[in-house]
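In our numbering, the protein residues as written are 635 to 733.
A short worksheet on the structure shown next.
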């Protein structure tokens, strides 16, 4: 996904939740819970489309937030394993005999 597509997808997901572009994670969760309560298929089968769009939007936005906060390398590669060293960090030289 290109950066422009990411921005458009974020804006569309926020619009599905009825939020502005700079909405916080808490506002996203609150909007999702409000829509889930009012549009859940068990309550109103006619609103299943809105419920589904809101669920997908929430999953996208929360997944985006978790991915940006995830620890690890930024390039998405494998984290190198630390090699355990044996013995002292520096080699011990035998003492030189006094002459």
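Backbone N, C-alpha and C define an ideal beta-carbon position, used for all residues, glycine too.
Under the DSSP assignment, residue 648 falls in the alpha helix (DSSP H) whose first and last residues are 637-650. Excluding the 5 residues flanking it on each side, residue 657 has same chain C-beta neighbours closer than 7 angstroms at 648, in chain order. If you ignore the 5 residues before and after residue 692, its C-beta comes within less than 6 angstroms of the C-beta of 666, all in its own chain and listed in chain order. Using a Cβ distance threshold of 7 angstroms, residue 687 and residue 659 do not count as a contacting pair.
In the structure shown, residue 654 falls within a coil segment according to DSSP collapsed to helix, strand and coil. For residue 639, there are no CB contacts under 7 angstroms within the same chain when 5 residues up- and downstream are skipped.
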